[in-house]
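A.B. asks:
Numbering (the UniProt record's numbering), first residue to last: 1 to 706.
#1: Mind checking which residues open and close the beta strand (DSSP E) that includes residue 546?
#2: Whole angstroms are fine: how far does the CA of residue 86 sit from the CA of residue 61?
#3: Can you grab the Cα-Cα spacing for the pair residue 10 / residue 112, in whole Å?
#4: Identify whether residue 393 lies in helix, strand or coil by the three-state DSSP scheme.
#5: For residue 236, does the three-state DSSP call read helix, strand or coil?
#6: With C-beta atoms as the reference, is residue 576 less than 9 Å away from residue 600?
#7: In or out: residue 684 buried (at least 16 other Cβ within 10 Å) or exposed?
#8: For residue 559, which residues does DSSP report across the bridge?
#9: CA-CA distance, residue 44 and residue 89?
#10: Identify, in the order they occur along the chain, each residue of the same chain with its Cβ nearer than 7 Å to the Cβ of residue 527, setting aside the five sequence neighbours on each side.
#11: CB of residue 180 to nearest heavy atom of the ligand COA: below 8 Å?
#12: Could you tell me which of 141, 271 and 478 sits nearest to residue 25, measuring between CA atoms?
#13: Less than 8 Å between the CB atoms is what I'm expecting for residue 463 and residue 432, so what's the real figure, rounded?
#14: Using the beta-carbon count (16 or more within 10 Å), is residue 640 buried or exposed?
#15: Do you know how far the Cα of residue 546 is from the Cα of residue 507?
#16: Thinking residue 33 and residue 270 are a contact (beta carbons under 8 Å), I'd like their distance in whole angstroms, please.
#17: Taking the alpha-carbon positions, what's the residue 770 to residue 493 distance?
#18: Between residue 473 and chain C, is the shortest Cβ-Cβ distance under 9 Å, so that the two count as touching?
#19: Which runs of the beta strand (DSSP E) at least 3 residues long sit entirely within the UniProt domain "Tag1-like fifth Ig-like" (594-689)? Give them in chain order.
#20: In the structure shown, what three-state DSSP assignment does residue 719 receive?
#21: Mapping the DSSP letters down to three states, classify residue 304 as helix, strand or coil.
#22: Whether or not the segment 115-123 and the segment 133-148 are in contact is what I'm after, with contact meaning three or more pairs of Cβ atoms, one per stretch, closer than 8 Å; do they touch?
#23: I need the straight-line Cα distance from residue 377 to residue 350, nearest angstrom please.
#24: From the DSSP output, in three-state form, read off residue 489 for me.
#25: Excluding five sequence neighbours on each side, which residues of the same chain lie with their C-beta closer than 6 Å to the C-beta of residue 210?
#26: Tell me whether residue 625 is buried or exposed, calling it buried when 16 or more other Cβ atoms sit within 10 Å of its Cβ.
#27: Helix, strand or coil: how does DSSP classify residue 522 here?
#28: Can you tell me whether DSSP reads residue 97 as helix, strand or coil?
#29: Could you tell me which uninterrupted alpha helix (DSSP H) segments, each at least 4 residues in length, are contained entirely in the segment 232-295, listed from first to last along the chain?
#30: Strictly by DSSP, which residues pair up with residue 61?
Below, the structure written as structure tokens:
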């Protein structure tokens, strides 16, 4: 009776045990993928099988459904359950795909979601307690973790080593992809599109990929592709900008294709599931990158004005920067813009900004050549005195150093197109050659022309060569220097709209000669006398705080002190071309006669003789003198002309030798030496000159009424 009862109730007990048991998979591995099947290795366990040892077989395997869709069939290995403990499962069977469309949908779901549930259904046989029970229904749900769209994707390294042979820029990405699912999949070769800011900017791939649970190292290689649209190029530029400036950029990697290997066609259900999978990937910015290593200002122009003395206009026709990029692909600079703050030591001095300007240079040479148009050079508030001192040091010293901090933006030609790279920060030291007080080469007076005079000054026009060894060009407006001779002030030297250029400067200068005071007049008279007789003189040109109204240049110009040689007057003729004496019968009794001269004006302006005092000698013997006031009727001599003066009163000192000389003169060979003090007016400037001339051709005639 009991065996019969067991046979009746055993199937119910077996069914209940199977139904009440729990089936779980702890891991699964999919390999040897094909269109119709793949090998599926699972690890798991069966629990809750009851107090009896049982052997469970599913001869025809189980139908696998997901979301009420039949997706495949999976054979199951024999399960041997122990009393109260169940059984461990280690199985490797071929999974047959029954519905490729549904299976593709399942894989999409598995890739994106946290977990999924399979429903397994089949007919099992159970052998327990010596009974072999058939027709037991196996119906189980198995839940496993999904891949959650791979929430942990990390780029370990990024490189762009070269131009890609197919166009664009070769890229190499070493990454770690975290798979939170217990499912491992033998994928093969993968290809992804790289998307940034809504644009496909590149494509990368990996070969022989098996996706395992946990971290997966993926070595991706590919390229950034050439771009045609402004928007896409802007996206590439932003990507490079963020990397170079140390900022993170969030990109998207979009699955494009998967196939077992390069020679195999894609597996339709896997391709369908894989394509379009979008992963968010953060490209971390480069660390401690120094893109710009040096800046050399080959030429700097500063244009000052009195309205805004501490905001001169600055420009440069030549600026060179040393640079490098952390990549190997070729990059050619096209344009560059800059925002620069300059420091004198650690103190902020000034700032300037220049818009995009043409640039040349490439990553191979590591040099950028550029320039910038006039832009305000803004001295920092509170740094005015510092800038005054800087200007002085630039004027006097061999060189001055500056620290330059700023941000540069560039437009560069790359294998993907012209891109704008923004926010390149730099901090470099640069050196400007100093002006060295304009003393590296002598100041040379090339020409000197007396052009006229005012009531206060004689006006002299000079052409002077100054040499500026610096690469700084300075526009200063009108500047005024003191003119010195024998340390006495002679007047002023005026340089109108003075521009001190680099190198040799030929400067037109106006000198105002007008010494004041006894000592200055004495020295000035000597200077003028030497000039008239053609003798060169060493003069000084000295600056002062009054040299310019432009405050930041006052200390600099006040420190300037030059010496130069002022050449003597070069005249094609002597001032006295000929002298004429006239005596009469009474001369021997009253020692009176008359004299006139042919006077030449070597100046470039009309001169007037206002008075003349002269001593006349023949071979060291004085024969007479003249003391004539001409102020009522001056002798007027136009520039470059010779004028015969009216007769002057001649006081003769007749000696034996003098008489002999006079008689000799009748033969026409009398030569006299004349030493004169002449009061002259040059324009409206009145002064006296001491003038001596030897061997003046002199003729003797009879005076009227004598």
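Note that beta-carbon positions come from the ideal geometry of N, C-alpha and C, so glycine has one too.
C.D. replies: Per the coordinate set shown:
#1: No beta strand (DSSP E) holds residue 546; DSSP gives it neither H nor E.
#2: 19 Å
#3: Its pLDDT being 48, under 50, residue 10 is placed unreliably by the model, and the measurement read from it follows with that caveat. Taking the straight line joining both Cα atoms gives about 44 Å.
#4: helix
#5: helix
#6: yes
#7: exposed
#8: The partner list for residue 559 (beta bridge, DSSP) is empty, contrary to what the question assumes.
#9: 5 Å
#10: 485, 490 and 537
#11: As presented, the structure is devoid of all ligands, the ligand COA included, so that no description of it is given.
#12: 141
#13: Not a contact, Cβ separation roughly 28 Å.
#14: exposed
#15: 20 Å
#16: 6 Å
#17: Not covered by the structure: residue 770. The range shown for the chain is 1 to 706.
#18: The structure shown contains no chain C; it holds only a single protein chain.
#19: 607-618, 621-629, 635-637, 642-644, 648-652 and 670-682
#20: The question about residue 719 has no answer here: the residues shown for the chain are numbered 1 through 706.
#21: coil
#22: yes
#23: 7 Å
#24: strand
#25: 186
#26: buried
#27: helix
#28: strand
#29: 268-274
#30: DSSP, once it has assigned bridges, lists no residue as partnering residue 61.
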